[in-house]
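K.L.:
After the structure tokens below, expect a handful of questions from me.
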Amino acid sequence: MAKRSTIKKAIEHHLQFTLAHSNDKNPEAFWKATSLAINDIVVEKLTTTRDRQNQPGVRSVNYLSLEYLMGRLLSNNLHNLAIYEEAEKAVKDLGFDLTDLCEQGADLALGNGGLGRLAACFLDSLATLDYPATGYGIHYQHGLFKQSFKDGRQIEEPDLWREFGSPWEICRPESAQLVPLYGHVEHINNADGSTTSKWQPSVQLKGVPWDIPIVGYNSDTVNVLRLWESRSDQAFDWDLFNRGDFLNAHGKNIQAETVSKVLYPNDEHEAGKELRFIQQYFFCACSIKDIIARHQTINGVDWAAFAKDTAIQLNDTHPTIAILEFMRVLMDEYQFTHLDAWALCREVFAYTNHTLLPEALEKWSVSLFERVLPRHLEILYTINEDFLNNEVSVKWPDDNQIRAKLSLIEEGGEKKVRMAHLCVAAAHKVNGVAEIHSKLVKQDLFPEFDALYPGKLTNVTNGITPRRWLKACNPKLSALLNKHVKEDWAKDLDSLSSLEKLADDAKLQKAFMDIKLENKKALADEILASTGVKVNPEAIFDIQIKRLHEYKRQHLNFLHIVALYRRLLENPELEMHPRVFIFGAKAAPGYRLAKEIIYAINKVADKVNNDARIKDKLKVVFLPNYRVSLAEKMIPAADVSEQISTAGKEASGTGNMKLALNGAVTIGTLDGANIEIAEEVGDDNIFIFGNTVEQVKAIKAEGYNPYSYYEQNAEIKAVLDWLDTDYFTPGKPYELSAVKHSLLDGGDPYLVLADYQSYSDAHQALDEAYRDEKRWARMAILNTALMGKFNSDRSINDYVDRIWQIKPCTK
Ligand code: 26W
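In our numbering, each residue carries its 1-based index in the sequence shown increased by 10.
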């Protein structure tokens, strides 16, 4: 293990020789030098890991994801290498504080939300459990936009995460790949009467890989996250390029670099943009070639061994095109027959579904496919013909309705390719991400596929890495847990359940709640610094952090806050523990209602926070620029976790797990992983409210009428009508009406009003529970103690058992 003196020397070396910064105390340079010093240790392990893994017969998984929300890496890598304390001393010797240093450096925000963060947690677990694994993605020049507020409205600014380079990444020009695009397909008639298809692309891009080492926790493994950057190819035919559709579609100045320029900030909504389609193909083509090249370096051209050694996991449908690219390479470059290539595909690919929302299910127009990837479309048509004639029609003879429903091509109107159908047809396993979600995938989304392929559809409940989401982000609670739990709980999270018997212990309760208070004080400082709002750390910190979306129902929380404010104005002596409602959320730049919700919350916050009449019983804070590093500060300080999506809409949620693990009590619907959290902590330690999936379906079937709630519930009516006045926006009535409008005239698609009363009652119960200090401390402790199931190590082992069949590689 690296010692203080070694680390100190390495930092000094990098300061002086890599960065030429010997005599000053520039914190940016010092952060970089420290990161480079730690990276030296990481790279050594990376090399030995690669030597171990690059042996014949070692089976590995390749995780294909368009998004990775990695956050910052310095503190994480120090913890996972178990050298945090030594580094702390070394840095101190040089006149710096390691906590401050770990706050330097940009977040790697190469993702939107849950799906991207899940990918990051999974990489951590794969390395921790010594599984051979490579993550593949895009080296976006700009990650998710930076958010600020101007007069309460969201402003987006570009994210410049590697403006001056990143100390963690290694460029690998020797592994660059070429990616063809556009053009046409020639059909050559062979002597035996068959035809051969030859794609003549008109454009070629180059993909250059950047490797980010992924350090396992207390393990010997450092895996790689390989991110592809697009460049123009040296042997580029500018004439051809200039004549290609690509340029025409995107204006004259577009360069090949554009492909990896920016992460699309749309969470859940498919925009159908050509550049996004090219991004998907670009990274899939690079990754498939890289996987094949690695296999051949180890095994030679031995396709029999390929399926034995290779698993490829598709993180949602975004990398679906990898299936067609693999087919194309096998058929056009290795002379596989269509059927042999398809058989190999079916052994290799598996697909994870992360959403049931219809607008998020990807469909690409056939005309776009035809223009950009004509050969792939041809292959897709053959797959579809084979699938419909030899599978669908065999199971359901003469049933054209089912053929149309399952077809990989959607007809009627503009023809579109259904990416999810291709995934389900090709994958040997398809998984949802929480029990209820997987059940709904089977019952509602793909019932016929479930009948056609019994056993293919399965579940793997999501998880989170306890290294980042407890050990690193909550050092005080971690130290307390170390005192009471013998095992290395950061590896074996189930071991925290030994705290269960101490949940009523007065000393533990005090220590636990003292730490919570300390964490709340730290967050209060952060809130003051970033918003100017002073909050009382003794108040209940009630936190909702996630992307802004109607189905997640930040506006339900908002309506309840307005109602509480109204109740307090009517009765300033109202018995309630002071409460601070804290939000963190980015809205997709084009999602108008989401932005109106942010605006409404900010405007109400302004009013409430400056109203002396309510005596600081209520505060509302919207922290700007929610991101991984901000989550790390908010989560340890939460008393209450808001998980209030419409039942059936949130596939899993993972913030719910992080908050509960840090001792927050959930107020939530029976949706996603909330259901499994409730099973683990027990009904007494969670506040469940609202309509269930079945009830939601019944309400919709009957014909939901939000007006009936508006007319029958005086508080709902008063609150919604208040939004039409200029009370929160002096001189400008109707500024906040968008929310009301969406709930009444807009039909309230996510049943906010139907769940309002039950939500309000649950909050009432929660307030009473909080005022009983012992009861609350017990609840908080039990939440921490009983989150073992949600360790992402468990998720990964489920993937291994149910889907990947890989083994740890330690020798
Ligand atoms: C095509 C645009 C687009 C972009 C992102 C469509 C869909 C997505 C993702 C599927 C959105 C996402 O992040 N889904 C979340 O995945 C998490 C990890 O499984 C779950 O915990 C969340 O419930 C789910 O919303």
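Cβ atoms here follow ideal geometry from the backbone N, Cα and C, with glycine treated the same way.
Keep in mind that this is a model prediction, so the values were computed, not measured.
Report yes if the CB atom of ILE298 is closer than 7 Å to the CB atom of PHE359, and no otherwise.
P.N.:
no
K.L.:
My guess is that LEU387 and PHE379 are in contact by the Cβ rule of under 8 Å, so how many angstroms apart are they, rounded?
P.N.:
Sure, about 4 Å apart at Cβ, within 8 Å.
K.L.:
Using alpha carbons as the reference points, say which of GLN63, SER15, GLN411 lies closest to ALA137.
P.N.:
When C-alpha distances from ALA137 are compared across GLN63, SER15, GLN411, the shortest belongs to GLN63.
K.L.:
Unbroken beta strand (DSSP E) runs of length 3 or more, entirely within the stretch 482–551: which are they?
P.N.:
Whole beta strand (DSSP E) segments, 3+ residues: zero.
K.L.:
What are the complete beta strand (DSSP E) segments, minimum 3 residues, inside the stretch 167–237?
P.N.:
187–191, 194–199, 205–210, 213–225
K.L.:
Tell me whether ASP811 is buried or exposed, calling it buried when 16 or more other Cβ atoms sit within 10 Å of its Cβ.
P.N.:
exposed
K.L.:
Given ALA245, which residues of its chain have a CB within under 7 Å of its CB, disregarding the five upstream and five downstream residues?
P.N.:
For ALA245, the predicted model reports a pLDDT of 49, less than 50, meaning its position is unreliable and no value from the coordinates is stated.
K.L.:
Can you determine whether any heavy atom of ligand 1 sits closer than 6 Å to the C-beta of VAL823, and answer yes or no?
P.N.:
Because the chain is modelled from 11 through 821, residue 823 falls outside the range shown and cannot be assessed.
K.L.:
Taking the runs of the beta strand (DSSP E) that are 3 residues or longer, which of them lie wholly in the stretch 347–423?
P.N.:
359–362, 373–375
K.L.:
For ligand 1, any of its heavy atoms closer than 6 Å to the Cβ of ALA370?
P.N.:
Yes, the Cβ of ALA370 comes within 6 Å of a heavy atom of ligand 1.
K.L.:
Rounded to the nearest angstrom, what separates ILE537 and ASP736 at their Cα positions?
P.N.:
27 Å
K.L.:
By the three-class DSSP mapping on this structure, what secondary structure does MET789 have?
P.N.:
helix
K.L.:
Provide the residue span of the beta strand (DSSP E) that contains GLU583, from first to last.
P.N.:
Per DSSP, GLU583 belongs to no beta strand (DSSP E) and is neither H nor E.
K.L.:
So, are the CB atoms of THR28 and LEU56 less than 7 Å apart?
P.N.:
no
K.L.:
Tell me the residue span of the beta strand (DSSP E) that contains THR59.
P.N.:
No beta strand (DSSP E) contains THR59, which is instead part of the alpha helix (DSSP H) from 37–63.
K.L.:
Should the stretch 142–154 be regarded as contacting the stretch 283–303, the criterion being three or more beta carbon pairs within less than 8 Å?
P.N.:
yes
K.L.:
For ALA534, which option in ASP524, PHE522, MET523, GLU548 has the closest C-alpha, if you only look at C-alpha atoms?
P.N.:
Looking at the Cα atoms, GLU548 is the closest of the given residues.
K.L.:
Compute the Euclidean distance between the alpha carbons of LYS643 and ALA711, then round it to the nearest angstrom.
P.N.:
43 Å
K.L.:
Note down, one range per segment and in chain order, each alpha helix (DSSP H) of at least 4 residues found wholly within the stretch 672–736.
P.N.:
684–691, 703–712, 716–722, 724–734
K.L.:
Can you give me the start and stop residues for the alpha helix (DSSP H) that GLN823 sits inside?
P.N.:
Since the displayed the chain opens at 11 and closes at 821, residue 823 lies outside it and no answer follows.
K.L.:
Less than 7 Å separating the beta-carbons of ALA648 and SER662?
P.N.:
no
K.L.:
Between TYR719 and ALA764, how many whole angstroms is the CB-CB distance? I'm expecting something under 8 Å.
P.N.:
6 Å
K.L.:
For ARG557, collect the residues of the same chain with a Cβ closer than 7 Å to its Cβ; drop the 5 residues on either side in sequence, then sort them by chain order.
P.N.:
ASN122, GLY123, ASP277, ALA595, LYS596
K.L.:
Is the beta carbon of ASP277 within less than 6 Å of some heavy atom of ligand 1?
P.N.:
yes
K.L.:
Any idea which residues DSSP pairs ILE322 with across the strands?
P.N.:
ASN72, PHE359
K.L.:
Got a sec? Which residues, its chain only, sit under 6 Å from LYS6 by beta carbon, not counting five neighbours each side?
P.N.:
Beyond the ends of the chain as shown, which are 11 and 821, falls residue 6; an answer cannot be given.
K.L.:
Suppose you measure from the CA of LEU371 to the CA of ASP312; what does that come to, to the nearest Å?
P.N.:
Put simply, the backbone Cα of LEU371 is about 36 Å away from that of ASP312.
K.L.:
Take the Cβ of ALA332 as the centre, count every other Cβ of all protein chains shown within 10 Å, and call the residue buried at 16 or more, exposed below.
P.N.:
buried
K.L.:
Relative to the alpha-carbon of SER752, which residue among GLU606, SER768, ARG623 has its alpha-carbon at the smallest distance?
P.N.:
Comparing C-alpha distances from SER752 to each of GLU606, SER768, ARG623 shows the shortest one belongs to GLU606.
K.L.:
Let me check understanding here. Comparing Cα to Cα, which of LEU746, VAL638, ASN612 lies closest to ASP161?
P.N.:
ASN612
K.L.:
Return helix, strand or coil for GLY594, following the three-state DSSP convention.
P.N.:
strand
K.L.:
Just reading off the alpha helix (DSSP H) that LYS160 is part of, what are its end residues?
P.N.:
From DSSP, LYS160 is part of no alpha helix (DSSP H) but of the beta strand (DSSP E) over 156–160.
K.L.:
Is SER662 helix, strand or coil by DSSP?
P.N.:
coil
K.L.:
Could you pull the DSSP bridge partners for GLN164 from this structure?
P.N.:
PHE159
K.L.:
If the criterion is Cβ atoms closer than 7 Å, does the pair HIS587 and ARG781 meet it?
P.N.:
Going by C-beta atoms, HIS587 is nearer than 7 Å to ARG781.
K.L.:
With H, G and I counted as helix, E and B as strand and the rest as coil, what does DSSP make of GLN26?
P.N.:
helix
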